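Visitor:
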Amino acid sequence: MALQQQLTEQGFAIVPNRLDSGQLATLHQLLAQPPDHKPVPGIRGLLDKYPPLRQWVNSPAIRELVEPILGPDAAIIRSVFFNKSPAANWQVAWHQDLAIAAKAQHEVAGFSGWSCKETIPHVQPPIAILQTLLTVRIHLDAADDSNGALWVVPGSHTLGRLPAQQAASVAKARGKQLCAVQAGDVMLFRPLLLHASKKAVSDGQRRVIHLEFSATPLPEPLVWAEWGI
Numbered sequence: 003m004a005l006q007q008q009l010t011e012q013g014f015a016i017v018p019n020r021l022d023s024g025q026l027a028t029l030h031q032l033l034a035q036p037p038d039h040k041p042v043p044g045i046r047g048l049l050d051k052y053p054p055l056r057q058w059v060n061s062p063a064i065r066e067l068v069e070p071i072l073g074p075d076a077a078i079i080r081s082v083f084f085n086k087s088p089a090a091n092w093q094v095a096w097h098q099d100l101a102i103a104a105k106a107q108h109e110v111a112g113f114s115g116w117s118c119k120e121t122i123p124h125v126q127p128p129i130a131i132l133q134t135l136l137t138v139r140i141h142l143d144a145a146d147d148s149n150g151a152l153w154v155v156p157g158s159h160t161l162g163r164l165p166a167q168q169a170a171s172v173a174k175a176r177g178k179q180l181c182a183v184q185a186g187d188v189m190l191f192r193p194l195l196l197h198a199s200k201k202a203v204s205d206g207q208r209r210v211i212h213l214e215f216s217a218t219p220l221p222e223p224l225v226w227a228e229w230g231i
């Protein structure tokens with residue numbers, strides 16, 4: 003199935019072997035030293051903290067996946083690094099990614115539920131905006147159910163915004179799929195896709211560069227948190 007067709011019908015797609023061993027080694031080296039020399043499970047505003055990563059996440063290996071879907075104006079609007087390991091282990095219940103990151107808080111019709119995560123303002127936008135976004139996950143390690151690979155509910159991105167208390171029952175009714183990947187694979191998905199992950203039970207790491215893309219500015223005076231990076 004073609005990539006765009008799979009995203010339209012299933013809400014996600016996995017592209018194997020997108021990064022080679024040399025590219026992976028470079029990314030491992032760039033991310034080896036955490037900010038402030040303190041190991042953390044996640045880093046928000048990743049590209050601001052690791053500027054050399056910008057050339058990698060905007061490389062042809064990534065742009066050639068994103069542009070056919072969002073067009074040439076697609077830009078990164080949020081970047082996060084996740085590192086699930088025995089030292090930093092967690093599970094995530096079934097959910098949709100309903101919040102976006104903004105540079106500053108402004109009250110605009112249709113935007114609600116403002117919060118702050120690591121000093122970055124977040125808000126829930128109208129569903130029409132969420133439907134235009136694309137998430138790209140660059141996998142730096144192999145992942146399966148033993149170290150917290152994502153589970154997804156294929157096609158659930160077409161159900162609109164779901165009440166949080168219904169997420170688990172929808173997943174049970176529609177069926178779930180494990181997104182096992184190899185290091186160097188890239189996963190794309192729509193934010194409204196139901197997804198979850200379990201705690202890791204193995205000794206390895208599960209490092210992921212999580213990028214969100216949009217091709218459209220937010221309504222003024224709102225601005226995407228990382229627009230133009």
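In case it helps, the numbering used here puts the sequence shown at residues 3 to 231. Note that beta-carbon positions come from the ideal geometry of N, C-alpha and C, so glycine has one too. Since this is a predicted model, take the numbers as computed values, not measurements.
#1: If we ignore side chains and look at the alpha-carbon of each, how far apart do Pro70 and Glu120 end up?
#2: If I follow the unbroken beta strand (DSSP E) through Ala95, where does it start and stop?
#3: By the 10 Å Cβ neighbour count, where 16 or more other Cβ atoms means buried, how is Trp92 classified, buried or exposed?
#4: Based on DSSP bridge pairs, tell me the residues matched to Lys86.
#5: For Val155 and Val183, I'd like the C-alpha separation in whole angstroms.
#6: Measuring straight from C-alpha to C-alpha, what distance separates Ser171 and Phe113?
#7: In the DSSP output, which residue or residues are listed as bridge partners for Cys2?
#8: Taking the C-alpha atoms as reference points, what is the distance between Ala101 and Thr28?
#9: Taking all protein chains shown into account, do 16 or more other C-beta atoms lie within 10 angstroms of the C-beta of Asp22, making it buried, or fewer, making it exposed?
#10: For Asn85, is the classification buried or exposed, using 16 other Cβ atoms within 10 angstroms of its Cβ as the cut-off for buried?
#11: Taking contact to mean at least 3 C-beta pairs separated by less than 8 Å, is the stretch 125-135 in contact with the stretch 167-181?
#12: Kindly list the residues whose CB is nearer than 6 Å to the CB of Val244, restricted to its own chain and excluding five residues on each side of it in sequence; keep chain order.
#13: Quick check: what's the CA-CA separation for Ser199 versus Trp153?
#14: Grouping DSSP H, G and I as helix and E and B as strand, with all else coil, what is Trp58?
#15: With DSSP run on the structure shown, which of helix, strand or coil describes His159?
#16: List the residues that DSSP assigns as beta-bridge partners of Gly141.
#17: Could you tell me whether the stretch 48-55 touches the stretch 155-170, where touching means 3 or more Cβ pairs closer than 8 Å?
#18: So, helix, strand or coil for Lys119, using DSSP?
#19: By DSSP's criteria, His124 is part of a beta bridge. Which residues make up the other side?
#20: Out of curiosity, what's the CA-to-CA distance linking His97 and Asp147?
#21: DSSP state of Leu195, grouped into three classes?
#22: As a quick exercise: from Asp187, Leu33 and Ile129, pick the residue whose alpha carbon is nearest that of Ala111.
Guide: Per the coordinate set shown:
#1: Counting from 1 along the sequence shown, the entry for residue 70 is found at position 68. Counting from 1 along the sequence shown, the entry for residue 120 is found at position 118. Roughly 33 Å between the two C-alpha positions.
#2: As a first step, residue 95 is located in the sequence shown; it is residue number 93 there, counting from the start. Here the beta strand (DSSP E) through Ala95 covers Val94 to His97.
#3: What you label residue 92 is simply residue 90 of the sequence shown in a count that begins at 1. Exposed, because fewer than 16 other Cβ atoms sit within 10 Å of the Cβ of Trp92.
#4: Position 84 of the sequence shown, counted from the start, is the residue given in the question as residue 86. For Lys86, which the question treats as bridged, DSSP gives the partners Arg208.
#5: Position 153 of the sequence shown, counting from 1, holds the residue named residue 155. Position 181 of the sequence shown, counting from 1, holds the residue named residue 183. Distance between the alpha carbons of Val155 and Val183 is about 17 Å.
#6: Within the sequence shown, residue 171 is the residue found at index 169, counting from 1. Within the sequence shown, residue 113 is the residue found at index 111, counting from 1. Ser171 and Phe113: Cα-Cα distance of roughly 27 Å.
#7: In the structure displayed, the chain extends from 3 to 231; residue 2 sits before or after that span and is not available.
#8: To locate residue 101, count along the sequence shown from 1; it is residue 99. To locate residue 28, count along the sequence shown from 1; it is residue 26. Those two C-alpha atoms are separated by around 31 Å.
#9: The residue you call residue 22 lines up with position 20 of the sequence shown. Exposed.
#10: Translated into the one-based positions of the sequence shown, residue 85 becomes position 83. With 16 or more Cβ atoms within 10 Å of its Cβ, Asn85 is classed as buried.
#11: no
#12: Lying outside 3 to 231, the shown extent of the chain, residue 244 is not represented and no answer is given.
#13: Here residue 199 is taken as the residue at index 197 of the sequence shown, counted from 1. Here residue 153 is taken as the residue at index 151 of the sequence shown, counted from 1. Each residue's Cα considered, the two are about 6 Å apart.
#14: Here residue 58 is taken as the residue at index 56 of the sequence shown, counted from 1. If DSSP states are grouped into helix, strand and coil, Trp58 belongs with the helices.
#15: Position 157 of the sequence shown, counted from the first residue, corresponds to residue 159. Reduced to three states, the DSSP call for His159 is helix.
#16: As a position in the sequence shown, residue 141 is number 139, starting the count at 1. Strictly speaking, residue 141 in this sequence is His, with Gly absent from that position. Val210.
#17: no
#18: In the sequence shown, residue 119 corresponds to position 117, counting from 1. Three-state DSSP puts Lys119 in a strand.
#19: Start at 1 with the first residue of the sequence shown, and residue 124 comes out as number 122. Bridge partners of His124: Ala103 and Ser117.
#20: The residue given as residue 97 occupies position 95 in the sequence shown. The residue given as residue 147 occupies position 145 in the sequence shown. Those two C-alpha atoms are separated by around 18 Å.
#21: Taking the first residue of the sequence shown as 1, we reach residue 195 at position 193. If DSSP states are grouped into helix, strand and coil, Leu195 belongs with coil.
#22: Residue 111 sits at position 109 when you count from the first residue of the sequence shown. The shortest Cα separation from Ala111 among Asp187, Leu33 and Ile129 belongs to Ile129.
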